[in-house]
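See structure below.
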Amino acid sequence: MNNRNLAQTIKNKALELGFEDCGIIKIEAVHDYGNKLKERLEQTPLSGPMLEYAYKYAAPEKGYDWAKSVVVCVTRYGKYQVPEHLQGMIGKYYLFDYKLQEYAQECLKHHEFEKYLGELGLKAARELNGITAARWAAYKAGLGVIRKNNFFYSEQGGSWVIIETWLIDQALELIGSSSLAECPDHCHQCIDACPTAALSQPYCTDMSRCITRLTWGLRSLPDETQRENLGKWIYGCDACQDACPMNRGKWEEIEEFPGLAELAEKITLEKLVSMEPETVAEMLTPRFWFIRRETAWLWKANALRAMGNEYQPEFGPWIQSACSSDNDNVREMAEWAFSKINMNK
């Protein structure tokens, strides 16, 4: 089988398994991601601690010296029912992140795809956190565009897609031809919608101000000047994606995600504040795995901050009780929330 036919065979299998789209790029195509990352760090120097790690994605062959190409597959998750009380509290991407959900059909199809690559005689590698710059690779593979909010958009799924990448040991290439138009010059709805001004300019997110990173990417509490703008988000944020007109009509709640309804019943601000650390680790960490076991206190701190920002009278006893927490971070956030609601009375 020649390289062109092999590349098309791989894409055909991806589509057969239910991926929205698939493309293949030579590994050299991601090397310029390093320049893009350097530009971002120059524009947003405070993002440095959160983005320095990403330089490895510009040269994935340093960890896999046999790698010659990147296979990119796109999965649409904008088809699932979102529990109403979690809207505006947990980013939708994280509700449907299937990577550690062995029973999810998306996870099963990834295993099947990897098995198929092996059956074709290809050596392949994939990593949980991504093996290269996924959005950049998907763009280079011609599967869609990157918009002003820095999210990758596919034709069918808008930005509500998960991108997976595999390195393979054969030099293949299969570039798509997306018909998506670029963002209109006059549109800045995503920028206007960002509560923390992390999107101060198009195509440039300041990760030191991005709600998503401030809810799960810290090892300490967010600065007091940032807390109010975080609103009730406790894990991730959808503000810029929800505001984007290019996403209109892309989400269709036509399926239930396995196990989410049962889990959602256990996720309220009050239950999070009172939840034992062991329960957090056992129930939440396997699905929302960006908050590690050692920083599980973030769940309580984020819930208390959300209570302070979206205060309801029934939150009062929970906030007061947390002011006596054994955890310094939880106690500090409870005291902040208690002070905030008293100032607003």
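Numbering (our numbering), first residue to last: 164 to 508. Idealized CB from N, CA, C, for every residue including glycine.
Just the C-alpha distance for residue i and residue j, rounded to the nearest angstrom, thanks.
i, j, result
"residue 300", "residue 497", "42 Å"
"residue 238", "residue 376", "23 Å"
"residue 333", "residue 226", "16 Å"
"residue 174", "residue 361", "36 Å"
"residue 349", "residue 205", "25 Å"
"residue 181", "residue 324", "13 Å"
"residue 358", "residue 278", "43 Å"
"residue 189", "residue 232", "4 Å"
"residue 378", "residue 260", "16 Å"
"residue 176", "residue 437", "47 Å"
"residue 397", "residue 283", "43 Å"
"residue 339", "residue 394", "39 Å"
"residue 425", "residue 291", "25 Å"
"residue 195", "residue 441", "43 Å"
"residue 200", "residue 251", "29 Å"
"residue 389", "residue 427", "27 Å"
"residue 264", "residue 167", "34 Å"
"residue 326", "residue 247", "26 Å"
"residue 416", "residue 410", "14 Å"
"residue 502", "residue 370", "28 Å"
"residue 460", "residue 203", "31 Å"
"residue 296", "residue 216", "11 Å"
"residue 243", "residue 491", "38 Å"
"residue 463", "residue 185", "40 Å"
"residue 434", "residue 392", "23 Å"
"residue 421", "residue 450", "12 Å"
"residue 276", "residue 289", "11 Å"
"residue 553", "residue 476", "The question about residue 553 has no answer here: the residues shown for the chain are numbered 164 through 508."
"residue 486", "residue 347", "48 Å"
"residue 373", "residue 187", "31 Å"
Would you list the residues sitting across from residue i in a DSSP beta bridge?
i, result
"residue 328", "235"
"residue 418", "243"
"residue 308", "316"
"residue 398", "253"
"residue 528", "Here the chain has residues from 164 to 508 only, and residue 528 is not among them."
"residue 189", "232"
"residue 321", "317"
Taking the beta carbon of residue i as the centre, do at least 16 other beta carbons fall within 10 Å, making it buried, or is it exposed?
i, result
"residue 447", "buried"
"residue 404", "buried"
"residue 164", "exposed"
"residue 273", "buried"
"residue 429", "exposed"
"residue 489", "exposed"
"residue 198", "exposed"
"residue 255", "buried"
"residue 269", "buried"
"residue 229", "exposed"
"residue 423", "buried"
"residue 211", "exposed"
"residue 344", "exposed"
"residue 386", "exposed"
"residue 281", "exposed"
"residue 465", "buried"
So, with DSSP's three-state summary, where would you put residue i?
i, result
"residue 429", "coil"
"residue 361", "coil"
"residue 407", "coil"
"residue 337", "strand"
"residue 294", "coil"
"residue 284", "coil"
"residue 367", "strand"
"residue 211", "helix"
"residue 380", "coil"
"residue 412", "coil"
"residue 476", "helix"
"residue 273", "helix"
"residue 468", "helix"
"residue 353", "helix"
"residue 227", "coil"
"residue 348", "coil"
"residue 439", "coil"
"residue 278", "helix"
"residue 501", "helix"
For residue i, is the beta carbon positioned less than 7 Å from some heavy atom of the ligand PLP?
i, result
"residue 185", "This structure simply doesn't include the ligand PLP, nor any ligand for that matter."
Since residue i and residue j are thought to touch, with beta carbons under 8 Å apart, how far apart are those beta carbons, to the nearest angstrom?
i, j, result
"residue 257", "residue 399", "5 Å"
"residue 311", "residue 354", "7 Å"
"residue 330", "residue 223", "6 Å"
"residue 316", "residue 307", "5 Å"
Got a sec: is the Cβ-Cβ distance from residue i to anything in chain B below 8 Å?
i, result
"residue 451", "You won't find chain B in this structure, because it holds only one protein chain."
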